[in-house]
Structure formats: C-alpha cells, structure tokens
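Please read the structure below before turning to the comments.
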Amino acid sequence: MQQFADLFRNLDSTTSINEKVKILAEYFSEADEYDRLWALALLSGRRPKRTVKTALLRNWAAETAQIPEWLFEESYHAVGDLAETISLVVRQEEIQTGGNLASMMQLLISLGKEDEDRKKELITSAWKGMDASGRLVFNKLITGGFRLGVARKTVEKALSKVTGISETVIAHRLTGNWKVENVSWESLILNPSENENLSKPYPFCLAYPLQDVNDLQGNAEEWIAEWKWDGIRGQLIRRKGEWYLWSRGEELINEQFPEFEGIANWLATDGTVLDGEILVIREGKIQPFQDLQKRLGRKKPVKKYKANFPVGFIAYDILELEGIDIRSSALRERKRHLNAILSACKSPNLFISEELRFDNQQQLAKIRSKSRDQSAEGLMLKNRNSAYQTGRKRGDWWKWKVDPMTVDAVMIYAMPGHGRRANLYTDYTFAVWDGPNLVPVAKAYSGLTDEEIREVDAFVKTNTIDKFGPVRSVKAELVFELAFENILPSSRHKSGVALRFPRILRLRRDKPSAEADTIEYLKNLIQ
0 MQQFADLFRN LDSTTSINEK VKILAEYFSE ADEYDRLWAL ALLSGRRPKR TVKTALLRNW
60 AAETAQIPEW LFEESYHAVG DLAETISLVV RQEEIQTGGN LASMMQLLIS LGKEDEDRKK
120 ELITSAWKGM DASGRLVFNK LITGGFRLGV ARKTVEKALS KVTGISETVI AHRLTGNWKV
180 ENVSWESLIL NPSENENLSK PYPFCLAYPL QDVNDLQGNA EEWIAEWKWD GIRGQLIRRK
240 GEWYLWSRGE ELINEQFPEF EGIANWLATD GTVLDGEILV IREGKIQPFQ DLQKRLGRKK
300 PVKKYKANFP VGFIAYDILE LEGIDIRSSA LRERKRHLNA ILSACKSPNL FISEELRFDN
360 QQQLAKIRSK SRDQSAEGLM LKNRNSAYQT GRKRGDWWKW KVDPMTVDAV MIYAMPGHGR
420 RANLYTDYTF AVWDGPNLVP VAKAYSGLTD EEIREVDAFV KTNTIDKFGP VRSVKAELVF
480 ELAFENILPS SRHKSGVALR FPRILRLRRD KPSAEADTIE YLKNLIQ
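Taking numbering that gives the first Met the number 0, the leading residue of the sequence shown gets 0, the next gets one more, and so forth.
And the structure:
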C-alpha cells in the first residue's frame, strides 16, 4: 500500500507530463502484477462501490483519535476533505504490516459483506497500521473520492514505455469493462486472446471545440460537415455473429437498448464496428435528450418505454471492416465503406449521418444557425483525409456548437462547495419572476473567479434569511447571467421548464433583481 501511496503523492506533486510518465513507468516496472492491475483500474475510474457511510467514518475517526465529535467536525470544516481530515487526526499506532494495494482493495470489497462492528474493527485497524500518506489514499478509496490528475493518455504512454507496445494498441487493450479479478497482466496488456477482444470497442476519437471558423485549414471540399446530435456516443459491434453496444463511458449497454439485437442479421458483413450516436427517433424526427433520459438506467425497458421512446443509431464512422482495423484509413475511404454497408442494411434502427454541403464559411455559419431547428447542438467538422485517432487531436475534428442561450436570474439559495471550497458558499440556486413570485429554474456552481466567489460568499453570510441543513436561503438581490444549451418543458420542475447544462457567465452588478427575466421569457425559448 505504501508503494501506491508514494505513487499517489509523487504524481500529485508534479504538473509535468513527462515526469508523470516516468513516475508511472517506474511503478509499473517495480510493482507486483495485481498491484499493477489495481493501479490501472483505479487510474481509469474502476473503483469499488462505497460500502461504509461517511457518518460512521467520522464517528470512528473521532473515537480512534480520542477527540470529541465536535472537534472532529470543526477540523473537517477547516480541512474541507474527509479523507485528509481522518488521515491527520488518526495516528499510526502499530508497525506497518506491509500489506500491498491488492490486499487493501480486497479488504474494501469484503466490507460489503460485514456488519457495522466488523467494518469498524477492520477499518480502524487499517488506520492504525498506516502512516498519514497511506491513510489518505485508503480513506479516499473508502469514501469513493479517489481522484488522480493523470490523463489516460499519460498512463498509455507509461505502459508503452514499459512494454514496448505502441500507445494505440495499449489504448485499445484498456477499453471495455474488464475487471481485475477476471484478467491477468498477460491477458490484458501483453498478449490478449482473440476471444477476449471479441467484444472490445475502440478508444473514441474526440473533437476540439471550434471558437473561430478560420481555424479550419484548407478548402471547403476538404471538410465534411454533419449535425452534432445531443444523444449518447456509442460503438455498435458485430463480431462472430454476436453484437455489443458500448457507450463512450465504456459501459456495455446491450440490455438497455434491445432494439439493436438484430444487428447480426441486419449487417451482412461480420467483423464490423460502427461509431455513432444513440438517439430517440420518432417518426423519422430526432427527439430531445430529455426523452432519451427516460431510457437510461433501465436494464430491461418494458414494452411501453420502447414504444414511447424508440431509439435509433446514427452512424457516422466505421472503425472495423471484415475484422480489420481500418482506423488509419482516410475518413473519405471509411465513409465509402460505411455507405456501402448501411445502404444494404434493412434495419429500422440504423441510419447514416447526413453530410451537409457547403462552399464557404458563410454557408457553413448559416447551416449552423439552424441547428436547434434540427434538435442538434451544432456542427461536427471533419477533415476528409483524417485518420480515426485515439482521444482528442487538434486540427482534424472540430465541434462547432451553437451559441448558448442566456437568462438573467436571481440567486435565492446557496450551499457550501467541496474540497478546497468547503468553507465557501459556491453552489447556487437561481430563480426568475413568475408574476410577483420567484420560481427556481436552475442550479449552477461554475463560472465565477475566486475573487467573485469570495464576494458572493460574504453576501450569503450577511444576507441569510433561513437555514435548511447546509443550505441557506438568502435575500433575492444578486442577479447572474446564466448560459445553457437548451430548454425543454418539464413536469418534474415547479417552473415547468428544465435548462440543459446551466452555468454562470457573469455576476450582473449593474442589474437590480426586479429586472431579472421572467418565466414567460424562458418558455418562449422552447422550440
């Protein structure tokens, strides 16, 4: 465990990518096999479920440290992070046993089967046998708060350095929903079998946001424009008569979308991998993301949901053809193969992404301005000669989203943030006028500078009307300009509307609350 704690500390102490690669490469070279596998799992977000309530951890830490609970709570409030607070107040009392990362992960997994007394015994014993750095990492794993600022690409570079295998191949081998208990270092990284690759998706190619259309290099004929849909990015796979549907979050979601089960019959070519978007498509028209949300999380949707919210897959790329990886081919060639395959496909649920013709930037901007009429977020722009890259590479793929909608709203509630913001009120609820009353329409916490956050925090603390646990009701005086991507009618919200991705643009010091926008203004924005 100490070896992994050292890795955590060393990675956290540098911002240099090359240094992070070096640190990771040394760890993967020296750690034993299951520690390496668990480190890979944790670095890629594969954490065990939390099995202990944080309230219990706080009580046990205060008892172990022999301090009153109020003092622990004050310490927690000052530090702002539960895992770090426990690591500081609890002291090492026993000689370290030398337990490694793998044994600690098995301990955490086993906690789910234990009663409260046994959980307390195991956790407090582990605390007493670790130094502060080990306790910090252990606590973050218990609470589910383990995060490490290491990009996946950095991990892939380190593994490539250690194994001599190319980064592209490493990236592919790390995709999918593999679990430590079901793989070995050999089968996952060094020499996976063909059957283990049967369901594997490819790493997704991502686009850069386009701020200035002049960043597009070359002539219009060198670029493909397509609608940027507001759905779920996915890869649809047919291999050896089996089918697999993966989300960009590397979740296998076959059961959620059984409509695609017939892909083995619809696609004439085995060994096919399509990249595209999952959307609710009703009578040939794209429906808003709100409708797709009603299908998410339902492992086996009932007949009513499948009928009311029918899904389709709009394919805009092909990554594998007849079992051959064709990602390095030019996009123009991949599109040719895609058109040939889907034109022969009889599926009612598979569609090909429409190419939007334009001759110049002015025409492109005009097409983009009609995005919301198509239930799209904007445009995807791709160079016809581009390969399908791993991750985000600047220059070949761009996403040009429409300008956000905006609203001037009044802050009516505030609550503290997390981590370094735990002592500041940074999470806000905003409202607009409905006649003489304010009705909540959005929550947001990002967009202000540190100086503005301190200003708003001071306002909250001196203008509190009422308290509801950590939430404070405040005088309706501060006006903020909020940006959001879309607005939809909603029966779940008192206001009758739901804003998509709201965030703070600026604090409107120039505007009194009486001049904030109205609910009628927002409802008029609904398409």
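Note that the Cβ used here is the ideal one computed from N, Cα and C, for glycine as well.
Among all the DSSP beta bridges, which residues are the ones paired with Val431? Val438
Got a sec, what are the start and stop residues for the beta strand (DSSP E) Ala497 sits in? 496-499
Using beta-carbon positions only, say whether Thr167 and Leu189 come within less than 8 Å of one another. no
Which value, in whole angstroms, describes the spacing of the CA atoms of Ser246 and Trp226? 19 Å
Assuming Asp34 and Gln2 make a contact with CB atoms under 8 Å, what is their CB distance in whole Å? 7 Å
C-alpha distance - Thr448 paired with Ala157, whole-angstrom precision: 35 Å
Enumerated in chain order, which unbroken segments of the beta strand (DSSP E) with a length of 3 residues or greater are wholly contained in the stretch 322-388? 349-351, 375-382
Exposure label - His76; buried when at least 16 CB within 10 Å: exposed
What three-state label does DSSP hand Tyr412 in the structure shown? strand
Quick check on Lys400: does DSSP put it in helix, strand or coil? strand
Can you tell me whether Gly283 is helix, strand or coil according to DSSP? coil
Output the boundary residues of the beta strand (DSSP E) element that contains Val478. 478-483
Rounded separation between Trp228 and Ile313 - CA only: 9 Å
Taking only the alpha-carbon atoms, compute the straight-line gap between Ser74 and Thr84 and give it to the nearest angstrom. 7 Å
Measuring alpha carbon to alpha carbon, tell me which residue in Thr123, Ser370, Gln373, Phe145 is nearest Asn58. Thr123
For Arg471, which option in Asn181, Thr461, Pro287, Val88 has the closest C-alpha, if you only look at C-alpha atoms? Thr461
Which first and last residues belong to the beta strand (DSSP E) in which Phe312 is found? 310-320
Using CA atoms only, rank isn't needed, just tell me which of Leu209, Leu330, Leu205 is closest to Leu363. Leu209
At a cut-off of 7 Å, would you count Trp69 as near the ligand ATP, judging by its Cβ distance to the nearest heavy atom? Absent from the structure shown: the ligand ATP. Ligands present: none.
Of the residues Asp426, Val154, Leu498, Pro488, the one placed nearest Pro469, counting alpha carbons only: Asp426
Drop a sphere of 10 angstroms on the beta-carbon of Ser327, count the other beta-carbons inside from all chains shown, and report buried for 16 or more, exposed for fewer. exposed
Could you work out which residue in Val459, Leu498, Leu506 is closest to Val478 when comparing CA atoms only? Leu506
Buried or exposed for Gly111, going by 16 or more other Cβ atoms inside 10 Å? exposed
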